[in-house]
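>
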Amino acid sequence: MELEIINQTPIKPAAFSINCTKQPLSLSLSLSLSLSLSLESRCYVTLADQKFESHTLAYLTFVSYHRRNMHGRPRKAYKPEEEAASAAKAAKLRGLQSQFMANHHNKIYTKEAVDLSTKLLEINPEAYTAWNYRKLAVEDKLSGIESDPDLVKTILDEELRVVESALKQNFKSYGAWHHRKWVLSKGNSSVGNELRLLDNFQKLDTRNFHAWNYRRFVVELTKRSEQDELEYTDDMIGSDFSNYSAWHNRSVLLSSLLARKADGFLPNKKIPDEYKLVQNAIFTDEDDQSGWFYHLWLLDQTVNVETPLLTSSWPSHSSRISLYAGCSKGSFSKLTTFGSESGSFPLVLYFDQAVGGVSSSTVTIDSELKGNEDLVWEPVSKKNSQVSCVWVARLKYISSEPCFGKEYKVKVRVGNSPGIVSSRGCNFSASYEFVFTAHVHDTVEESSQDGIVSWKDGFDIWDAESKDLNALATLDRSNAQMDSKWRQEAIAEEIDLFRELPDSKIGKLTLARLLMAKAMISDDAVKGVHYNEILELYKDLMALDSSHYQYYKDEHSVALLRKVTSSTEDLSGHLFRCRNMNNSVCLRLNNLSLSRIASVEKLLFVQMLDLSHNELHSTEGLEAMQLLSCLNLSHNRIRSFSSLDSLRHLKQLRVLDVSHNHIGEHSVDTTRYLCSSPLSNSEWPQDEVGSQMPSLVTKYWDAYFVLRDLNLKQLDITGNVIAGDEFSSFVLQVAPKLVWLDGKKLEI
Amino acid sequence: MSDLPPYPPLDPTTYDLIIVGTGVSESILSAAASSSGTSVLHLDPNPFYGSHSASLSLPDLTSFLHSNSLSPPPPPPSDTPDFLSVDLATRSLYSSVEIATFDSSILDERHSRKFNVDLCGPRVLFCADESINLMLKSGSNNYVEFKSVDASFVGDSSGELRSVPDSRAAIFKDKSLGLMEKKQLMKFFKLVQAHLAAAAASSTESDEGAVKIAEEDMESPFVDFLAKMPLPPKIKSIILYGIAMVDYDQDNVEACGDLLKTREGIARLALYITSIGRFSNALGALIYPIYGQGELPQAFCRRAAVKGCIYVLRMPITALLLDKASELIETGGYKGVRLATGQEIFSQKLILDPCITVGSESMSSLTDQQKETLRVLVPKSISSEGKIARGICIIRGSVKADISNALVVYPPKSLFPEQLAAIRVLQLGSGLAVCPADMHVLYFSTVCENDDQGKAALLSAMSTLIKPQVPENLQSDSAVENDTAEAAKPVVLWRALYVQAMVKGEFGGSISSAASPDGNLSYNELVESAVKLYEQLMGSEELFKEETSPDNTTEEENDGGVEIEA
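These protein sequence lines map, in sequence, to chains A and B.
For the first sequence, our numbering begins at 1 and goes up steadily by one.
For the second sequence, our numbering begins at 1001 and goes up steadily by one.
(1) Under the three-state reduction of DSSP, which class applies to R1123(B): helix, strand or coil?
(2) Is F283(A) close to chain B? Criterion is C-beta to C-beta, closer than 8 Å.
(3) Buried or exposed: which applies to K1137(B), given that a residue is buried once 16 or more other Cβ atoms fall within 10 Å of its Cβ?
(4) Looking only at its own chain, which residues have a Cβ that is under 6 Å from the Cβ of L35(A), when we skip the five neighbours before and after it?
(5) For R1338(B), return the contacting residues in chain A, with the cut-off set at a CB-CB distance below 8 Å.
(6) Kindly confirm or deny that the region 585-602 of chain A and the region 613-624 of chain A touch, where touching means at least three C-beta pairs closer than 8 Å.
(7) Where in the region 1120-1198 of chain B do unbroken runs of the beta strand (DSSP E), each at least 3 residues long, occur, reported from the N-terminal end onward?
(8) Does G238(A) get closer than 8 Å to chain B when you measure Cβ to Cβ?
(9) Which residue comes first and which comes last in the beta strand (DSSP E) that contains Y578(A)?
(10) Compute the minimum distance between the beta carbon of K1175(B) and the heavy atoms of the ligand MG, and state whether it is under 7 Å.
(11) From which residue to which residue does the beta strand (DSSP E) around T1014(B) run?
(12) Please confirm whether A1169(B) has its beta-carbon closer than 8 Å to some beta-carbon of chain A.
(13) In whole angstroms, what is the alpha-carbon distance linking H439(A) and D709(A)?
(14) Closer than 8 Å by beta-carbon distance: list the chain A residues that pair up with M1180(B), in chain order.
(15) Between the C-alpha atoms of A87(A) and R94(A), what's the straight-line distance to the nearest angstrom?
(16) Can you name, in chain order, every residue of its own chain whose Cβ lies under 6 Å from the Cβ of S454(A), other than the five neighbours on each side?
(17) Should F100(A) be labelled buried (16 or more other beta-carbon atoms within 10 Å of its own) or exposed?
(18) Considering only C-alpha positions, which residue in the set I521(A), A517(A), S546(A), R513(A) is nearest to L537(A)?
(19) Verify the CB distance criterion: does N249(A) have a CB-CB separation below 8 Å to chain B?
(20) Do D1129(B) and S1513(B) have their C-beta atoms within less than 8 Å of each other?
(21) Tell me whether the beta-carbon of A1169(B) lies closer than 8 Å to the beta-carbon of F283(A).
(22) Please name the residue, chosen from K553(A), Y531(A), N532(A), that lies closest to L541(A) on a Cα-to-Cα basis.
(23) Around the C-beta of K1335(B), are 16 or more other C-beta atoms found within 10 angstroms, so that it is buried, or is it exposed?
(24) Please classify V529(A): is it buried, with 16 or more other beta-carbons within 10 angstroms of its beta-carbon, or exposed?
(25) If you draw a straight line from the C-alpha of W212(A) to the C-alpha of W177(A), how long is it?
(26) For F241(A), return the contacting residues in chain B, with the cut-off set at a CB-CB distance below 8 Å.
(27) If you measure between the beta carbons of A130(A) and L120(A), is that distance less than 8 Å?
(28) Quick one: grab the DSSP three-state call for N1570(B).
(29) Do you know offhand how far R588(A)'s Cα is from H574(A)'s?
(30) For M1186(B), decide whether its Cβ has a neighbour in chain A, counting only Cβ atoms nearer than 8 Å.
(31) Helix, strand or coil for N1046(B), going by three-state DSSP, please let me know.
(32) Let me know the secondary structure DSSP gives Y324(A) once reduced to three states.
(33) How many Å lie between Y1248(B) and K1532(B) at the Cα?
(34) Just checking: is the beta-carbon of N280(A) within a distance shorter than 8 Å of some beta-carbon in chain B?
(35) With distances taken between CB atoms, is the gap from P1411(B) to V1253(B) smaller than 8 Å?
(36) Going straight from the alpha carbon of D49(A) to that of F171(A), what length do you get?
Have a look at this one:
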């Protein structure tokens, strides 16, 4: 017995019915275009010689059955005589197979033995063992003749011939295509024939992903130009614009050509042309998915730039912050005031995409604040991940030397030296510098240190001063770095066009996405209008298309939050003074039926946040709000503590209200499967609590992980199924600093 | 025809059916009758197969058009002891024949055999039409090969040709339609397809909720239905004239006479849609037989010959033989025909070429019953059925760069305000073996009320597509006009213009008359009338019944049995 590489796959071919056009348009909820074609070589290794036969025969039947029904080809029912013939064929095949196996095991590579494998493969191209056997046979022969180029050619040509006749039997045979690649990689010179062969196969089934994959392989091998390949996709799309594979290949080729700025491939010229092409497809047949996918890709190309950008920071450029020692319950009457027992404040960098490599060498700090020479930058992300949109460093402002009552200028230079790289591999190239002033006060405000924070009432409209408002302005530099004119024009044109497709769901969705894109790259003045239209569109969609309700709901929330944060005027409408809390400023985003959190980059300054009476399932996104100390999540749809996982990054969080949610309601919590089980995790530290009450930790492990890392003084958990005496006693153990639980002061 | 070699006398002398003329209608009837075991004698006065559907060399075409205009030679003496003999006359279907040669080299020996020019052009076959079905049924498909017509266009007086967006891919690629127009057109096609699918489904089972066009819409004029869809005028015109191949202006009720009903319009679209993709080798809906349309009647004739039909070409008939004894009138009075050789041949039934008539002076002496027997041959009954103006141009160059075989339609009023009917133009190249390599044959046709009107319309289309040229003797003056747009146009080398009378087939008991080529692009109506005539002749027997099963099996394997060269 030996290791065999077998393609995982009776199921795969059918899974590719995504290319079928007859299905009603299902909305793709992801931006990813790399759906179908990247699955080519997902192999697994198995000890499979013995099981191989039955597996293969079953697959053979499967393939012939399904092949007939793919891409709109009619399927014929088997007649009894055909079934009989098929049984006879199977018997013959079994005979061949056992003979072949004997040869294989005995390493017989004579002409007769190899011919036997040819026969077998011509009947059943899926016999992967036979392909591997042939590889061994070829190696065996080649080693015998050494360097006679003619003989080598004869041997390899014979292999190609066998593959070709096998492919005629089943042009979706993984084994046959792999074998062909293998032969070509042996350096056979007749690669010119390959494109001709491919043309035939691609005519036979224009969306055959094997052929497309192999085509890319051959193109690579022959160094055929990407421009020529692009023209080929022109032809294929021209003859059938439902050819998703051709569109996909087009996007791959264009990405490459645009990225290396090939002659005639400037984004500002080429992308608008591509819009015109895909418009024709969409308007000719709006029920066809392929064009919409490509349109989505184009929109992504229009809106996003590859190079990562710094979106915002806290403190923001030219802002003035006041730092106090002590008090940490967000009870400051000004937005720009911050205090912490630890004597340090977070410096937050928010990038437009996940980046890695933020460190004291790539980001330099120039200030008189002492003790910050070797700052540690941490990604605010899941454990072990070294990339994140949000990076935080903690700057000390209380050090051994007295430094109170002074103002310090802090100059931050991001990208000082190369090293900040996006997860896609693009460098943060344009370095950026920002300066803020930190005023360190010597007074220690400890007014309501242990008082309960109440969310019920006592909120006053925030009488903002202009300088406070200015502090909200975050740096929004993405426009500056992009050559945004053609982008704005392209999107404006698309918007005009798609306003004319009002009767289709995908048309509405695309219009909403376009408007969102426009709002992202246009001036503040016109944004509000767009957001209102976007919100209306998503409302319509929610009513029209209930099967994707949650997606529209989430997008609606995103748009709403963008709208709220689009201008200081809009935002200040949601800012309140909390009377009972020493007039500290609270951002209230309650009762907005939010199901998702967004626009956090504009809210880095927030210390007190009210998200109650929404439809949130998770706190994902809030981890960026490093200053947050009071959070109200009551009356939402949180189902477990795992959904609160992102809160673990909030070192300042002291007050958390998760009352009236659904925690503990569902015995089977799907999010648990995404977390590693604490019981199987060897790294699980056997800490004090864990060893004291292992059964409770096992039962409430998700709560344990969240609460253990937080430093809460007040927690409200009432109105959840999980709440009860047992859980309360568990909480007291996990969060020893807790003063208020469910509105009651704890006796310590 | 004076140098006719003498024929031996025919044997046998009695048949079930005699057919005179080898046009498409006659050939279908002959093949069908022979296949069902009927003994058939098939005669043609011409030295070639096809009669009015033939494809000929330029000199043959010229002489055929002219010779048919002449009166037939005086019949030989008609005194027979046993029968009453009625002399026949030949009238010409063609009038206003006008032939001009602009480049005499075209008639040279080296070219002359390379032309196969249709008398009944422009004509093509739809992949899904009845003539194809009939060929498959009869087995005559084995004798013909086809090629695709590459493209079809709609033109106007500006000279611009816009391709007909007749499929999903064509709509996608079309550059002249706006995005909304594409959307509307595709939506309409989808509606038609859904309707057809629903109609097909409901024929087997009653299907609720399927998309169907409302019954009251089906009875309304098609043009109103298109407007209701709503389709803009540009697209309406493409659908009506470029796809449904309507002749008369549908926006002008008076000129049109009868408007196309939605039901019929949808049926025509269905033919077009089902034609696309019926055969995997065919590019679009239309195909054309290699070596010309004359191949079609020949194919049916060969089929008939295989089934036992006897063929004699160059054999006119001069007289009909009727029973002398008037009390034997129950048999219909018809007995047989007298050939040009003088031999008398007898049959139960007779089908005659549409140009054969009985002179009125011969009629006057007959009894009422005898007149009844001969009624289909009386010229006045076949006079007022409309005319088709046809034109043929041999050109150097092509009307559209890079395209050899193409159909161009000029909808009514597109060329000039008084244009009453659509003008269809078919360009064919040497790939179809109809002309020498560097040339194209252009066929023009339009239905018309009178000769002048029809020819004026054709000349207008010609001048839009082709560089005008004066006859050779005046050629020195022609260098005056020389702008660039004109320079790109093809040059005409040879031109024929003629007007053909349209004669419908008629069943007359023992003597029937076959139909002449009609003004349509396809053979559908001709086939329909031939099938009807066959049913009347033979009772309600189905055509080519016994051929059906063996040919169905080949249909699955090989492009439906029709050879289409890619």
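Glycine residues also receive a C-beta, built at the ideal position from the N, C-alpha and C atoms.
In this structure, then:
(1) coil
(2) yes
(3) buried
(4) In this prediction, L35(A) has a pLDDT of 29, which is less than 50 and means its spatial position is unreliable; nothing more can be read from the coordinates.
(5) What R1338(B) touches in chain A: nothing, since even the nearest Cβ is about 58 Å away.
(6) yes
(7) Correct list: 1145-1148, 1151-1155, 1161-1163.
(8) yes
(9) In the sequence as presented, Tyr is not what sits at residue 578(A); that position holds Cys. If you look at C578(A), you'll find it in the beta strand (DSSP E) that goes 575-578.
(10) What this structure holds is no ligand at all, so the ligand MG is not there to describe.
(11) That run of the beta strand (DSSP E) goes 1014-1020.
(12) For A1169(B), a Cβ of chain A is located within less than 8 Å of the residue's own Cβ.
(13) 30 Å
(14) F283, E500
(15) 11 Å
(16) N580
(17) buried
(18) R513(A)
(19) no
(20) Taking 8 Å as the cut-off, the Cβ atoms of D1129(B) and S1513(B) do not count as close.
(21) No, these two residues do not count as a Cβ contact at 8 Å.
(22) K553(A)
(23) buried
(24) exposed
(25) 11 Å
(26) R1168, A1169, F1172
(27) yes
(28) Outside the displayed span of chain B (1001 to 1566) sits residue 1570(B), for which this structure offers no information.
(29) 5 Å
(30) yes
(31) coil
(32) strand
(33) 26 Å
(34) N280(A) counts as touching chain B.
(35) no
(36) At D49(A) the pLDDT is 32, less than 50, meaning the model places this residue with poor confidence and gives no usable figure here.
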